[in-house]
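> Numbering (this note's numbering), first residue to last: 1210 to 1524.
Following this message is one structure expressed as structure tokens.
Laid out in structure tokens, this is it:
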């Protein structure tokens, strides 16, 4: 396989025909698939540049900012390709449009992320702990997928064939746009953020419950109702780059996110620190211990890891 073509694919400059060619080539043998993964990791490593180190400032205020430096020339990156893929013939009905369809399921393990190209060329990034199901080929008239978790979509424009994301809580319908959906059924949390284009978010069980988003807006399901607000920080959507970014977030919520990324249980036994607000940015590939040590420079706590029970206790 021509490496120039592979790198055009990684840079999202490949045509639909070229993407299909790469997909067919990667499915010919395990060796081809391994080579694709290897080249992707090399590409990712070259994209990671050292970032400047702002002056570090520690404060006793409950609202704190975490500054960190990347002093290595190259940094560890998350394994973005390790996903579980299975194709099964199953009876599945999505809006009564798909029956007896061959469905493809992609599940991303904790601490990893994955990039998937859908049959129509739509580019999807999947966050840790996410599962997406979609037909091998879309039927005429509508493109529908099922999402449990968080994903960032760059949808190929097609006015005659809307693109619908079904989640446990809401349906998101678009024609062609860039948007992020977070809908982990286990967390009972739903939020859609729009970067470009226009999307409609609606309840599948209540036709009166719907909103239409404009660019730079997001909608969150709170107490059974959709609320709309402006996007105030795009760093939150950089998870697809292997970054975990947060701003003015309680320590307790940060620990919940780390549970998702590292697939373990974290318990805070000191109630006084749960609501401490923090702002920071980490690479998931740097590991949980590193992240916790940096957090310790801003919050007074100790932690103990129980390997057998796969949990961490914070005091």
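Think of the CB as a built atom: it goes at the ideal place given N, C-alpha and C, for glycine as much as any other residue.
In this text, all values refer to a predicted model and were calculated from it rather than measured experimentally.
Which residue comes first and which comes last in the beta strand (DSSP E) that contains residue 1361?
On the chain shown, residue 1361 is found 152 positions in, with the first residue counted as 1. Its beta strand (DSSP E) spans residues 1352 to 1363.
> Where does residue 1397 fall in DSSP's three states?
Within the chain shown, numbered from 1, the residue matching residue 1397 stands at position 188. Three-state DSSP puts residue 1397 in coil, outside helix and strand.
> With 16 as the cutoff for other CB atoms within 10 Å, does residue 1296 come out buried or exposed?
Taking the first residue of the chain shown as 1, we reach residue 1296 at position 87. Note on residue 1296: pLDDT 28, under 50, position unreliable in the model; no value is reported.
> Figure out for me which residue from 1469, 1505, 1481 has the closest Cα to the Cα of residue 1520.
Start at 1 with the first residue of the chain shown, and residue 1520 comes out as number 311. Comparing Cα-Cα distances from residue 1520 to each of 1469, 1505, 1481, the minimum goes to 1469.
> Flag this pair as yes or no: are the beta carbons of residue 1375 and residue 1391 separated by less than 8 Å?
One-based indexing of the chain shown puts residue 1375 at position 166. One-based indexing of the chain shown puts residue 1391 at position 182. Cβ atoms of residue 1375 and residue 1391: not closer than 8 Å.
> Between 1472, 1502, 1486, which has its C-alpha nearest residue 1516's C-alpha?
Taking the first residue of the chain shown as 1, we reach residue 1516 at position 307. That would be 1472, whose Cα lies nearest to the Cα of residue 1516.
> Roughly how many whole angstroms lie between the Cα atoms of residue 1259 and residue 1492?
Taking the first residue of the chain shown as position 1, residue 1259 is located at position 50. Taking the first residue of the chain shown as position 1, residue 1492 is located at position 283. Residue placement at residue 1259 cannot be trusted, given a pLDDT of 29 that sits under 50; what the coordinates show is reported in the next sentence. Roughly 12 Å separates the two Cα atoms.
> Cutting at 8 Å between CB atoms, please list the residues of its own chain near residue 1461, excluding the five before and the five after it.
Here residue 1461 is taken as the residue at index 252 of the chain shown, counted from 1. Counting only Cβ-Cβ distances below 8 Å, and skipping sequence neighbours, we find 1477, 1483, 1484.
> Closer than 8 Å is the cut-off here; do at least three beta carbon pairs connect the segment 1487 to 1504 with the segment 1439 to 1458?
The answer is yes - the segment 1439 to 1458 touches the segment 1487 to 1504, with three or more Cβ pairs under 8 Å.
> Ordered along the chain, which non-local residues of its own chain (more than five positions away) have a Cβ less than 6 Å from that of residue 1298?
Position 89 of the chain shown, counted from the first residue, corresponds to residue 1298. The pLDDT assigned to residue 1298 is 27, lower than 50, so where the model puts this residue is not dependable; a value taken from the coordinates is nonetheless given after this. The residues are 1311.
> Comparing C-alpha positions only, which one of 1385, 1350, 1368, 1508 sits nearest to residue 1333?
Taking the chain shown and counting its residues from 1, one reaches residue 1333 at position 124. The option with the nearest alpha carbon to residue 1333 is 1385.
> Three or more C-beta pairs under 8 Å: does that hold for the segment 1362 to 1376 against the segment 1498 to 1518?
With the cut-off at 8 Å, the segment 1362 to 1376 and the segment 1498 to 1518 do not touch.
> Taking only the alpha-carbon atoms, compute the straight-line gap between residue 1439 and residue 1402 and give it to the nearest angstrom.
For this step, residue 1439 is matched to residue 230 along the chain shown. For this step, residue 1402 is matched to residue 193 along the chain shown. Going by the C-alpha atoms only, they are around 9 Å apart.
> Taking DSSP's pairing of strands, which residues face residue 1523 in a bridge?
The residue you call residue 1523 lines up with position 314 of the chain shown. Residue 1523 is bridged to 1477, 1512.
> Can you find the residues in the same chain that come closer than 6 Å, C-beta to C-beta, to residue 1328, ignoring five residues on each side of it along the sequence?
Working through the chain shown from its first residue, we reach residue 1328 at position 119. Correct list, in chain order: 1346, 1347.
> In the DSSP output, which residue or residues are listed as bridge partners for residue 1573?
Since the displayed the chain opens at 1210 and closes at 1524, residue 1573 lies outside it and no answer follows.
> Please state whether DSSP places residue 1218 in a helix, a strand or coil.
The residue you call residue 1218 lines up with position 9 of the chain shown. Three-state DSSP puts residue 1218 in a helix.
> DSSP state of residue 1347, grouped into three classes?
Translated into positions along the chain shown, residue 1347 becomes position 138. Coil, per DSSP.
> Alpha carbon to alpha carbon, what distance is there between residue 1475 and residue 1513?
What you label residue 1513 is simply residue 304 of the chain shown in a count that begins at 1. What you label residue 1475 is simply residue 266 of the chain shown in a count that begins at 1. Computed Cα separation, rounded: 10 Å.
> Is the beta carbon of residue 1226 sitting closer than 8 Å to the one on residue 1218?
The residue given as residue 1226 occupies position 17 in the chain shown. The residue given as residue 1218 occupies position 9 in the chain shown. Cβ atoms of residue 1226 and residue 1218: not closer than 8 Å.
> Please state whether the Cβ-Cβ distance between residue 1420 and residue 1381 is less than 8 Å.
Taking the first residue of the chain shown as 1, we reach residue 1420 at position 211. Taking the first residue of the chain shown as 1, we reach residue 1381 at position 172. No. Outside cutoff.
> Taking C-alpha atoms, which residue in 1242, 1339, 1246 lies nearest to residue 1316?
Your numbering for residue 1316 matches position 107 in the chain shown. It is 1339.
> Report the partner residues of residue 1428 according to the DSSP bridge assignment.
Start at 1 with the first residue of the chain shown, and residue 1428 comes out as number 219. DSSP output for residue 1428 lists 1401, 1437 as bridge partner(s).
> Exposed or buried, residue 1269, counting other C-beta atoms within 10 Å across all chains shown (16 or more means buried)?
Translated into positions along the chain shown, residue 1269 becomes position 60. Its pLDDT being 39, under 50, residue 1269 is placed unreliably in this model, and the value from its coordinates should be taken loosely. So residue 1269 ends up on the exposed side.
> Whole angstroms are fine: how far does the CA of residue 1465 sit from the CA of residue 1444?
For the purposes of this step, residue 1444 is identified with residue 235 of the chain shown, where counting begins at 1. For the purposes of this step, residue 1465 is identified with residue 256 of the chain shown, where counting begins at 1. Their backbone Cα atoms lie some 18 Å apart in a straight line.
> With a Cβ-Cβ cutoff of 8 Å, do residue 1335 and residue 1326 count as a contact?
Sequence index remark: in the chain shown, residue 1335 carries index 126 (1-based). Sequence index remark: in the chain shown, residue 1326 carries index 117 (1-based). No. Outside cutoff.
> Excluding sequence positions up to five away, which residues of its chain have a Cβ less than 6 Å from the Cβ of residue 1293?
If you number the chain shown from 1, residue 1293 lands on position 84. Here residue 1293 scores only 29 on pLDDT, less than 50, and its place in the model should not be relied on; the value that follows carries that caveat. Only 1316 meet the Cβ criterion.
> I need the DSSP call for residue 1226, collapsed to helix, strand or coil.
Counted from its first residue, the chain shown places residue 1226 at position 17. Of the three classes helix, strand and coil, the one that applies to residue 1226 here is helix, per DSSP.
> Thinking C-alpha only, which one of 1236, 1237, 1215 is nearest residue 1248?
In the chain shown, counting from the first residue as 1, residue 1248 sits at position 39. Minimum Cα distance to residue 1248 is reached at 1215.
> From residue 1370 to residue 1344, what distance separates their C-alpha atoms?
For this step, residue 1370 is matched to residue 161 along the chain shown. For this step, residue 1344 is matched to residue 135 along the chain shown. Approximately 15 Å, taken between the alpha carbons.
> What is the DSSP secondary structure of residue 1392, counted as helix, strand or coil?
Indexing the chain shown from 1 puts residue 1392 at position 183. Of the three classes helix, strand and coil, the one that applies to residue 1392 here is strand, per DSSP.
> Would you mind sorting residue 1434 into buried or exposed? The rule is 16 or more other CB atoms within 10 Å of its CB.
The residue you call residue 1434 lines up with position 225 of the chain shown. Exposed: under 16 other Cβ atoms inside 10 Å.
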